[in-house]
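Before any comments, here is the structure.
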Amino acid sequence: MPHLPPNQSAQIPAPRSPSAPPPAAPEPVRLDAAVIGAGFGGMYALHRLRDRLGLTAHAFEAGDGVGGTWYWNRYPGARCDAESVFYSYSFDEDLQQEWVWSERYAAQPEILSYAEHVADRLDLRRSITFGTRVSSAHYDEDRCLWLLATDTGRRVEARYLVTALGCLSAAQAPGIDGLDGFLGEVHHTAHWPHEGVDLSGKRVAVIGTGSSGIQAVPEIANLAEHLTVFQRTPHYTVPARNRPLTEEEFDDVRDRYPELREEARDTAVGLLLDPPPGNAADLTETERTAELERRWHRGGLGFISAFGDLLMDETSNTIAADYVRERIRETVRDPRTAELLTPADYPIATKRICLDTGYYEAFNRENVSLVSVRDTPIERITPTGVRVDGTDHEFDVIVFATGFDAMTGAYTRMDLRGRDGRRIDEEWRAGPRAYLGVAVSGFPNLFTVTGPGSPSVLTNMMASIEQHVDWITDYIDHLERSGVAAAEAEEEAQDSWVAHVAEVASHTLYSRAGSWYMGANVEGKPRVFMPYAGGLNLYRQQCDRIASQGYPGFTHTAKRSRGNPSRKHLRPAR
Ligand code: N01
473 MPHLPPNQSA QIPAPRSPSA PPPAAPEPVR LDAAVIGAGF GGMYALHRLR DRLGLTAHAF
533 EAGDGVGGTW YWNRYPGARC DAESVFYSYS FDEDLQQEWV WSERYAAQPE ILSYAEHVAD
593 RLDLRRSITF GTRVSSAHYD EDRCLWLLAT DTGRRVEARY LVTALGCLSA AQAPGIDGLD
653 GFLGEVHHTA HWPHEGVDLS GKRVAVIGTG SSGIQAVPEI ANLAEHLTVF QRTPHYTVPA
713 RNRPLTEEEF DDVRDRYPEL REEARDTAVG LLLDPPPGNA ADLTETERTA ELERRWHRGG
773 LGFISAFGDL LMDETSNTIA ADYVRERIRE TVRDPRTAEL LTPADYPIAT KRICLDTGYY
833 EAFNRENVSL VSVRDTPIER ITPTGVRVDG TDHEFDVIVF ATGFDAMTGA YTRMDLRGRD
893 GRRIDEEWRA GPRAYLGVAV SGFPNLFTVT GPGSPSVLTN MMASIEQHVD WITDYIDHLE
953 RSGVAAAEAE EEAQDSWVAH VAEVASHTLY SRAGSWYMGA NVEGKPRVFM PYAGGLNLYR
1013 QQCDRIASQG YPGFTHTAKR SRGNPSRKHL RPAR
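So the sequence shown is numbered by the working numbering: it starts at 473 and just counts up by one.
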């Protein structure tokens, strides 16, 4: 199983042979700021810290190149579901003017090329160590330093630690008995081999029907001799209606980029979607159907803003869900398959809505079949395939599209310790706790880009990344100018933010689905709605207010004039 995601044990260094002398520990490198990750969050953080603030900053990246999500997720059909013209950086007008997007929704190779272009243009690579996973980060309170160790034996000291780990980077595959004995190939969508996988003429299994599975299925169906899809929960998916962007369309966006970006920044999702005409109850039945019809035919995420209260009101939500259910029954010819593919017991968009290109249509093909594993889970992987309910299905290739330990997994899989040895996995045992989703009490000078408790995954990630990185680096600039050695979120401020995140979520329907937003896809993970559902625009206002008031909710430890930091706390006025 060469391409399954690394688990915790994969991060434990392989034992040395008894005869080999222990490797000499290299001297720690001293930095102002260490960045973990060179996806879009890490790249922008590195640029701001190094080029705007003039700090010695360096990033460490497990992959051999930039791009994060788009470096790893190379499965057939991988494509972004935020429109390409908005899924890009806005901080540099020249950059956004010079890059040309070819399609309404960019495919993985194009987004990766864009990330590489940005890395070259900003000369970022000289400040990134690739192929290096940070295995531990411990805070030394006496020296106000983060001490990092990597899986390649490097040791690094940094005053600030900026984690840009990605919300969906800790891939997971279920532990199914017999997997090790499978004689064919096994791959995970999030660790797809760079050289590609030859699926032509093969018998292929796809396990999992979230966004990754739904994108991969139609593409794999075109290649495989036979594709069998193992579905536990049917997801709602809406047509993407992807298409090439015309030159006129793109030029129009480019001419108006600054104003469009400004408008997008002031929305809840960081994207320009058609605003809803009102709540479902404000419209007649004919108007509601026409609205859903229009959005379905336009394609894209705008479908879920058909009604202002779609995510808050059950009746409103059911109207939209029923519309999708009808489209499934209309598209899929075999009534039993259609029924299995139809989500029945949770509101639409409470599991992340998917965008597809020909997903339901794929089940009309002779070479595609669907196996529900809802009531009868996969029993075991046999040497030649998958056993469900006593029936053996034979395969050459098994593809896990089984998702991620979302939002927290990348943190808890790392040995991350704050003051007094406080461990992040312990601190977050009952669910993640962070102030504004950006800082964690007990972990001074740690800043989490799109961390849990921030809008992140409910928005256009690029818009959220820019907002977070701008705020974090402005704050670091403030700390530098004020002679502060360590800034730490106060427990009380963190508690009230966590309560606010939960309170906002309680007004929505999100808790009604067993989603990764809720941690429900990971055995033993607490059921807590992790992102902030109040909208990027309101979130930005709250962050800006906190900055303008001198950062209430943080405790500041002053630098001593010489040597170690003073214990005196500089507490900003509220
Ligand atoms: O992962 P998922 P994903 N036996 O967790 C199933 C982003 N993304 O990689 O629903 C059988 O959504 C599981 O079943 P269930 C996007 O935010 C974006 O697809 O838990 N099945 C589910 O069907 C997305 O939401 C893009 O019952 C098992 C599937 O595996 C997020 O990433 C593209 C199982 C996992 O679905 C994650 O998407 C791709 C088992 N033992 C991803 N265990 C775009 O931009 C799990 N499953 C378009």
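Backbone N, C-alpha and C fix where the C-beta goes; we use that ideal spot for every residue, glycine too.
{"Asked": "Is the beta carbon of R889 less than 8 angstroms from the beta carbon of H610?", "Found": "yes"}
{"Asked": "What is the residue span of the beta strand (DSSP E) that L521 lies within?", "Found": "It is not in any beta strand (DSSP E) - L521 carries neither H nor E in the DSSP assignment."}
{"Asked": "For H519, verify whether its CB is less than 7 angstroms away from any heavy atom of the ligand N01.", "Found": "no"}
{"Asked": "How far does the alpha helix (DSSP H) with A793 in it extend, from its first residue to its last?", "Found": "E786 to T803"}
{"Asked": "Going by the CB atoms, is the gap between L1010 and Q939 shorter than 8 angstroms?", "Found": "no"}
{"Asked": "Do you know whose CA, among F563, L732, E570 and G509, lies nearest W542's CA?", "Found": "G509"}
{"Asked": "Spatial neighbours of M879 within its chain, please: CB distance less than 6 angstroms, with the 5 preceding and 5 following residues excluded, ordered by chain position.", "Found": "C639, P924 and M1002"}
{"Asked": "For the beta strand (DSSP E) holding C552, just list the boundary residues, first then last.", "Found": "Segment: none, C552 is in no beta strand (DSSP E) and carries neither H nor E."}
{"Asked": "Excluding the 5 residues preceding and the 5 following D649 in the sequence, name in chain order all residues of the same chain whose CB lies nearer than 6 angstroms to its CB.", "Found": "R852"}
{"Asked": "Could you check the C-alpha separation between A1019 and I948 for me, to the nearest Å?", "Found": "11 angstroms"}
{"Asked": "Alpha carbon to alpha carbon, what distance is there between R626 and P494?", "Found": "Per-residue confidence for P494 stands at a pLDDT of 44, beneath the threshold of 50, marking its modelled position as unreliable; the derived number appears in the next sentence. Approximately 14 angstroms, taken between the alpha carbons."}
{"Asked": "Am I right that F876 and S683 are in contact with their C-beta atoms under 8 angstroms? What's the rounded C-beta distance?", "Found": "The Cβ separation is near 11 angstroms, so there is no contact."}
{"Asked": "Alpha carbon to alpha carbon, how far is V796 from P581? Give it in angstroms, no decimals.", "Found": "30 angstroms"}
{"Asked": "If you draw a straight line from the alpha carbon of T945 to that of T528, how long is it in whole angstroms?", "Found": "13 angstroms"}
{"Asked": "State yes or no: is the C-beta of A1030 within less than 8 angstroms of the C-beta of A957?", "Found": "yes"}
{"Asked": "Answer yes or no: do I791 and T814 have a C-beta to C-beta separation smaller than 8 angstroms?", "Found": "no"}
{"Asked": "Using 8 angstroms as the threshold, is the segment 806 to 826 in touch with the segment 780 to 788, meaning 3 or more CB pairs across them?", "Found": "yes"}
{"Asked": "Which two residues bound the contiguous beta strand (DSSP E) that contains S936?", "Found": "No beta strand (DSSP E) holds S936; the alpha helix (DSSP H) holding it covers M933 to S954."}
{"Asked": "Going straight from the alpha carbon of D967 to that of L981, what length do you get?", "Found": "23 angstroms"}
{"Asked": "Should the segment 659 to 670 be regarded as contacting the segment 866 to 874, the criterion being three or more beta carbon pairs within less than 8 angstroms?", "Found": "yes"}
{"Asked": "Please list, in chain order, all residues of the same chain as L812 whose beta carbon is under 8 angstroms from its beta carbon, the five residues on each side excluded.", "Found": "Q703, P706, L842 and S844"}
{"Asked": "At which residues does the alpha helix (DSSP H) containing R766 begin and terminate?", "Found": "E757 to R770"}
{"Asked": "If you reduce the DSSP assignment to three classes, tell me which class Y907 lands in.", "Found": "strand"}
{"Asked": "Please report the straight-line C-alpha distance between S936 and G742, rounded to a whole angstrom.", "Found": "7 angstroms"}
{"Asked": "With DSSP as the reference, please indicate the residues paired to Q459 in a beta bridge.", "Found": "Outside the modelled stretch of the chain, which goes from 473 to 1046, sits residue 459, for which no answer is possible."}
{"Asked": "To which residues of the same chain is G830 closer than 7 angstroms at the C-beta, ignoring the five residues directly before and after it?", "Found": "P690"}
{"Asked": "For V676 versus P500, is the C-beta distance shorter than 8 angstroms?", "Found": "no"}
{"Asked": "Please report the Cβ distance between A965 and G1025, rounded to the nearest whole angstrom; I am assuming they are in contact, meaning their Cβ atoms lie under 8 angstroms.", "Found": "3 angstroms"}
{"Asked": "The ligand N01 heavy atoms versus the CB of V845: any closer than 7 angstroms?", "Found": "yes"}
{"Asked": "For P493, name the three-state secondary structure that DSSP assigns.", "Found": "Per-residue confidence for P493 stands at a pLDDT of 46, beneath the threshold of 50, marking its modelled position as unreliable; the derived number appears in the next sentence. P493 falls in the coil class under three-state DSSP."}
{"Asked": "Provide the residue span of the beta strand (DSSP E) that contains F722, from first to last.", "Found": "Element bounds for F722: not the beta strand (DSSP E) but the alpha helix (DSSP H), E719 to D727."}
{"Asked": "How long is the line joining the alpha carbons of L773 and K823, rounded to whole angstroms?", "Found": "13 angstroms"}
{"Asked": "Measuring CA to CA, which of H769, P749 and D612 is closest to R760?", "Found": "P749"}
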